[in-house]
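Heads up: the structure comes next, in structure tokens.
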Amino acid sequence: MAAASIEDNYRAIGLIRAFEDRCMELKGEGEIPGSIHLCSGQEAIAVGACRALEARDAVTATYRGHGWAIARGVPLTDLFAEMMGRDSPLCGGRAGSPYLSSATHGFLGENSIVGAGLPLAAGAALASLYDGSGAVSIVSIGDGALSQGAAHEALNFAAVYVLPLVIVLENNRYSEMTPIASMVRIDPLSSRASAYGMPGLTIDGNDADAVEDAVATAVERARLGGGPSLVEALTERLVGHYSGDAQQYRPAGEVASAFEREPLTRLRNSARETDHEMLERLDRIDQELSRIIESAVAEARSLSYPVAGTSADHVYA
Amino acid sequence: MAAASIEDNYRAIGLIRAFEDRCMELKGEGEIPGSIHLCSGQEAIAVGACRALEARDAVTATYRGHGWAIARGVPLTDLFAEMMGRDSPLCGGRAGSPYLSSATHGFLGENSIVGAGLPLAAGAALASLYDGSGAVSIVSIGDGALSQGAAHEALNFAAVYVLPLVIVLENNRYSEMTPIASMVRIDPLSSRASAYGMPGLTIDGNDADAVEDAVATAVERARLGGGPSLVEALTERLVGHYSGDAQQYRPAGEVASAFEREPLTRLRNSARETDHEMLERLDRIDQELSRIIESAVAEARSLSYPVAGTSADHVYA
Amino acid sequence: MREEPQPSELRYIQAVNAALHWALETYPESLAFGEDIALPGGPFGATKGLHDKFGGRVFDTPISEAAIIGAALGAAMRGRRPIVEIMYGDFLAVAMDQILNQVANTRYVSRGRWTAPLTIRTQQGYSPGSCAQHSHSLEAWYAHCPGLRIGLPANPRDAYEMLRTAIASEDPVMIFEHRLLYPISGPVALDGPVEAMGGARIVRTGSDVTLVTWSRMVSESLEAAELAAARGQKVEVVDLRWLSPLDFSVVAASLHKTGHLVIVHEANVTGGFGAEIAARAVRDCFWDLDAPVLRVGAPDVPIPASPQLQTEVIPDRGTILEAITTVLDERRW
Amino acid sequence: MREEPQPSELRYIQAVNAALHWALETYPESLAFGEDIALPGGPFGATKGLHDKFGGRVFDTPISEAAIIGAALGAAMRGRRPIVEIMYGDFLAVAMDQILNQVANTRYVSRGRWTAPLTIRTQQGYSPGSCAQHSHSLEAWYAHCPGLRIGLPANPRDAYEMLRTAIASEDPVMIFEHRLLYPISGPVALDGPVEAMGGARIVRTGSDVTLVTWSRMVSESLEAAELAAARGQKVEVVDLRWLSPLDFSVVAASLHKTGHLVIVHEANVTGGFGAEIAARAVRDCFWDLDAPVLRVGAPDVPIPASPQLQTEVIPDRGTILEAITTVLDERRW
Ligand SMILES: Cc1ncc(C[n+]2csc(CCOP(=O)(O)OP(=O)(O)O)c2C)c(N)n1
Ligand SMILES: Cc1ncc(C[n+]2csc(CCOP(=O)(O)OP(=O)(O)O)c2C)c(N)n1
Ligand SMILES: [Mg+2]
Ligand SMILES: [Mg+2]
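Protein chains in written order, with the working numbering: chain P, 4 to 320; chain V, 4 to 320; chain X, 16 to 348; chain Y, 16 to 348.
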């Protein structure tokens with residue numbers, strides 16, 4: 004059973020939260036262009052899942068993938084810079100917030116087409132059948148992605164070839180502005196797994212340890228040749244679908260009550276119950292994180308914008 | 004419980020068989036161009052299913068859809084003519100064997116893209132929610148079509164809106180030359196239905212009465228607002244996937260043994276057990292059918308080829 | 016007839032919304048569906064108020080574009096008049112079979128015994144920071160697909176009129192909006208007679224160069240033409256409006272006068288619809304041409320997210336002006 | 016090195032097969048998958064013997080084109096060199112997102128930190144009786160998609176060489192075969208060095224008209240050129256071979272000599288890649304052109320199944336000859 008310390012979980016989750024909060028400010032100030040999609044409230048999923056992975060493994064996410072990148076160890080500076088449209092070591096500003104990747108972290112990337120990361124992640128898993136790497140491929144998808152044809156095809160594909168693939172379904176109850184409950188006739192969503200003959204499981208996605216446990220089991224199964232499995236992690240968005248979303252579609256009080264259940268609140272509650280110095284330690288972590296964030300922002304700002312005349316590079320080898 | 008007489012079943016199924024056997028001859032003689040896909044051995048499915056339908060209902064099939072067209076009452080002459088590339092009242096030779104339709108029979112058509120008929124049939128069912136017709140939409144798909152993204156999307160779509168749709172899955176064990184058993188990890192295929200929250204059922208597709216019963220139940224449910232259901236009809240192809248298929252991929256003896264289980268053999272066996280004049284009556288039906296077929300071929304041959312200069316008509320209104 | 020007072024000045028997105036209200040009121044057989052279009056009123060607000068007013072004829076869908084378009088087709092074949100929204104033109108790719116192999120064929124293959132009176136509304140093009148998966152301009156693909164009608168409204172008036180024309184049509188029509196145009200205001204006369212489909216429009220007259228363009232590049236081209244005028248270059252700007260049916264006659268007539276042709280679109284140059292216009296010009300207007308035909312479009316690269324790179328890639332008044340100057344530069348030839 | 020004796024004369028489909036054998040032998044990281052390609056040896060036999068020889072590196076897939084292409088991409092990003100078969104070009108439509116929004120972007124968006132060395136083989140075009148869903152020629156779509164390489168081999172030699180070039184490439188390449196070419200025989204030299212990608216080829220020299228074409232229309236064009244020769248019209252035929260990278264220089268040089276241009280493809284005329292060739296000609300070769308540029312292709316209709324209608328729609332030596340005559344007819348101009 005995973006049992007990271009309260010501080011470790013708080014630090015890992017808090018880092019992502021602080022990063023994205025800062026992103027929203029930077030967006031507000033015009034330093035980050037375009038729409039951004041925060042995983043605010045969902046961070047425990049990426050944090051727990053990535054703890055169950057090894058360096059050799061492959062990670063694929065969605066546009067809501069900053070948390071995955073950070074949990075995977077992609078430097079904050081690079082992420083800020085990429086999102087700012089600067090010449091970052093990730094994608095040189097070409098990918099931006101919703102499509103970034105990091106080859107040096109086995110991070111195959113975000114994907115801003117719903118469901119499209121799944122076939123790609125299945126392909127990464129396929130590669131493992133031949134390269135002797137023993138690598139597992141993990142992919143995060145949203146609840147809404149289950150309705151995409153490509154996702155379906157890839158799930159069956161992975162099952163047929165017994166691919167070392169772990170599907171993490173981040174069920175945050177909404178697909179953009181539409182409740183998933185109105186768009187499927189099944190509950191839980193993980194029951195869909197049986198349609199492919201793969202195990203499916205629903206867990207508390209706001210508990211990093213629970214996520215780590217479930218994903219570790221799935222990863223081990225995959226690594227040992229047992230094939231794919233689907234882990235549905237229940238969670239809630241604390242913010243809008245994207246940076247400009249006023250969330251009028253959410254019932255009154257929903258977001259407020261989600262704040263009572265979100266990972267950081269929970270950890271603070273546990274801290275409160277544990278010992279009375281713990282909360283102070285968490286406060287110190289917050290301060291530490293904000294220093295980390297500020298220095299990453301500063302570093303990112305020191306990176307230049309893409310050099311003029313380079314926009315046609317790298318279309319082909 | 005459906006209980007068509009042996010003669011009625013034999014006549015209905017035999018008509019399709021005789022039609023397609025004749026098609027193969029015409030193809031051999033060069034009178035039918037292109038590839039054709041026979042439903043030889045699967046006829047009881049279309050026959051039983053169409054008996055459960057009313058004129059107002061909508062029917063969508065695959066390229067293996069001649070049986071559906073015939074069971075739906077589309078004139079043989081028109082079908083022969085269409086397949087010959089003549090100016091038939093169906094599609095004027097433009098659709099040919101794998102893509103024909105008949106607006107006057109609520110036959111939305113065959114479809115030669117695997118799985119693509121399902122969204123379309125869901126749309127026909129959607130129309131019924133608004134037009135007061137009470138019409139049900141029925142669609143035939145193959146076992147392989149379950150692996151197509153569009154089929155998946157449509158199944159969920161139909162479930163979400165409780166559409167009056169009946170999906171008949173003709174499981175003939177193969178998708179072209181590849182056994183379906185190697186391309187999914189579930190058994191029976193009808194278990195996939197639960198992934199959409201719809202009922203699924205597996206039946207003997209070589210028994211027209213059993214098909215009629217199952218489809219009638221599904222149609223009634225759909226008509227009364229109970230939503231879609233999936234009926235998997237187990238069957239076997241007596242011939243190749245298409246007219247030019249040498250079937251080397253089928254294990255020795257498989258086709259021969261399928262002939263023992265196919266609908267017409269079964270009906271003859273039942274006839275033998277019933278009374279000793281029954282077999283003679285079936286022989287007379289065979290003769291009657293071959294006369295019907297020959298006169299349809301003759302009539303079809305009397306239809307002209309499409310008039311020169313008309314190929315650009317009907318692209319737009 | 017709608018009871019609201021008729022505003023004379025509407026934003027593009029409001030014009031779309033007004034056309035949808037008109038359609039659902041005018042055609043009892045019309046339906047509107049797509050992702051987030053009903054209860055939330057649409058990701059860009061194009062469908063605001065429709066669900067309140069028309070109830071179950073307006074509904075939200077799963078994220079299943081192939082099912083959306085396929086269902087639109089099936090419903091259209093059975094007497095409905097569906098209007099579907101695909102959130103970004105890029106997402107049409109997941110439903111391409113339904114467009115190419117199903118919708119486009121329906122009338123032709125059945126000799127008109129089945130028809131597909133449906134409208135696919137989408138918006139396309141780049142916006143600052145939009146990534147390569149949200150920035151395509153692929154009108155050329157659909158214009159290469161017989162059986163479809165293709166319109167790209169460049170202003171609020173056309174957003175209203177062309178959408179109404181599309182919905183009224185008995186053929187499948189794709190309307191490509193541009194999200195950067197959504198906030199733009201312009202005059203719209205509501206509830207007039209529905210226009211016939213087609214027709215290019217001369218939006219600025221001039222005698223030196225014919226500039227053919229559509230969608231958002233119309234306004235960029237007009238700006239460029241204004242700048243060119245300051246240099247004494249008289250540019251005639253043609254808003255093509257519909258790629259299908261294509262009204263080449265307006266282009267030909269203009270070329271007869273100017274002898275010079277520049278084509279401008281946001282799409283990648285190679286294989287863009289500009290090639291088709293150039294090809295028609297060099298067939299039908301060859302003897303009128305006094306100089307090489309130039310195309311302005313995005314170079315052949317995916318669209319990068321960084322605005323600094325986007326500026327380099329997306330055509331603007333500057334690049335258009337350059338092309339105007341080049342095509343008129345006798346010394347070059 | 017393969018041990019079989021090297022046949023000098025191969026059918027097109029055998030040439031494809033030989034290239035695949037070569038590739039699986041040459042690149043241990045290569046994989047081949049697609050529908051019915053392993054145990055059954057492929058619907059057209061292109062993959063015969065591969066599974067026997069290379070075992071699990073060659074496998075059959077479900078009917079899931081999006082998964083096939085997506086999985087090829089993911090595997091390619093992780094060091095494999097996948098070669099996938101899509102049975103008909105028409106079926107690419109169900110996997111379009113994976114091609115357009117995924118495969119084509121991979122290198123660009125990551126500045127080359129991820130690459131996608133994969134090959135998509137398909138075959139396209141009409142055959143007698145083939146329906147509208149099995150008859151598309153859509154090379155223009157993919158050529159409008161930066162990041163992809165596009166080849167259309169017209170003969171057994173190129174079926175072998177271009178496929179090897181594609182597989183050896185570090186970029187995603189789409190190879191469009193034509194099933195009517197599969198039975199055609201021609202000389203193929205096996206196991207030579209892999210050719211660089213690109214390069215148009217003059218397959219017949221002539222001084223009156225430049226005829227640019229590709230795929231199956233190369234042989235039709237050569238027949239037409241032969242008929243034209245009998246009338247004293249000297250036609251230079253250019254087999255474009257690759258649409259990307261596009262070798263326009265051969266076309267330009269030929270045009271400089273002939274001053275007349277006809278472009279021939281099986282695809283629908285409007286929006287076909289012929290438009291791109293015409294557009295380049297009227298930009299880069301304007302002063303060399305002596306007459307309007309003509310395009311020969313299918314008219315803008317879906318392809319009907321009836322052979323009687325197909326004859327009316329699919330370009331052949333007759334329609335090509337007519338265009339040659341028209342373009343050379345001084346009285347017309
Ligand atoms: C194919 C496709 N259709 C539609 C969209 C627009 N879109 C972006 S995010 C989204 C909702 C996805 O919901 P879900 O899968 O639950 O993920 P979440 O955003 O909740 O993380 C939609 C519809 C898209 N990007 N791709
Ligand atoms: C999207 C798509 N992919 C591939 C094909 C080629 N194809 C035609 S039929 C077929 C097999 C379909 O098998 P199944 O669904 O079991 O139907 P059956 O032929 O057995 O009736 C395939 C792969 C196609 N027509 N469409
Ligand atoms: Mg969600
Ligand atoms: Mg089958």
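Here a beta-carbon is modelled for each residue, glycine too, at the ideal position from N, C-alpha and C.
Answer yes or no: the CB of residue i versus the heavy atoms of ligand 1, is any distance below 7 Å?
| i | result |
| --- | --- |
| Gly-145/P | yes |
| Val-117/P | yes |
| Val-109/X | yes |
| Glu-179/P | yes |
| Phe-106/X | yes |
| Gln-151/P | yes |
On the premise that residue j lies in contact with residue i, defined as a C-beta separation below 8 Å, what is that separation, rounded to the nearest angstrom?
| i | j | result |
| --- | --- | --- |
| Ala-157/P | Leu-132/P | Not a contact, Cβ separation roughly 15 Å. |
| Val-171/P | Ser-143/P | 5 Å |
| Asp-254/X | Ala-169/X | 5 Å |
| Val-328/X | Ile-335/X | Incorrect: roughly 14 Å between the Cβ atoms, too far for contact. |
| Leu-6/Y | Gly-274/Y | Residue 6/Y lies beyond the range of chain Y shown here (16 to 348); nothing can be said about it. |
| Val-311/X | Pro-330/X | 5 Å |
With C-beta atoms as the reference, is residue i less than 8 Å away from residue j?
| i | j | result |
| --- | --- | --- |
| Tyr-308/P | Ser-321/X | yes |
| Trp-71/P | Ala-49/P | yes |
| Pro-43/Y | Pro-36/V | no |
| Ala-162/P | Arg-188/V | yes |
Is residue i a contact residue of ligand 4, with contact defined as CB to any heavy atom under 7 Å?
| i | result |
| --- | --- |
| Ser-185/V | no |
With a threshold of 7 Å (Cβ to nearest heavy atom), would residue i be considered close to ligand 3?
| i | result |
| --- | --- |
| Asn-175/P | yes |
Could you give the DSSP three-state label for residue i: helix, strand or coil?
| i | result |
| --- | --- |
| Ala-282/X | strand |
| Pro-171/Y | helix |
| Tyr-141/Y | coil |
| Val-99/Y | strand |
| Trp-257/X | strand |
| Pro-167/P | coil |
| Asp-186/X | coil |
| Gly-112/P | strand |
| Ala-33/Y | helix |
| Arg-275/P | helix |
| Gly-321/P | An answer regarding residue 321/P cannot be provided, because it is not within the stretch 4 to 320 covered by chain P. |
| Leu-54/X | coil |
Just list the residues that DSSP pairs residue i with in beta bridges.
| i | result |
| --- | --- |
| Leu-193/X | According to the sequence displayed, residue 193/X carries His and not Leu. His-193/X pairs with Gln-139/X. |
| Ala-98/V | According to DSSP, which records beta bridges pairwise, Ala-98/V is partnered with nothing at all. |
| Asn-12/V | BP columns for Asn-12/V are empty, so no partner. |
| Ser-178/P | Thr-181/P |
| Ala-47/X | Val-73/X and Ile-98/X |
| Ala-313/X | Asn-283/X |
| Ala-236/P | Glu-173/P and Ile-206/P |
| Glu-24/X | Pro-202/X |
Return yes when the C-beta of residue i is under 7 Å from any heavy atom of ligand 2, and no when it is not.
| i | result |
| --- | --- |
| Arg-253/P | no |
| Met-102/Y | yes |
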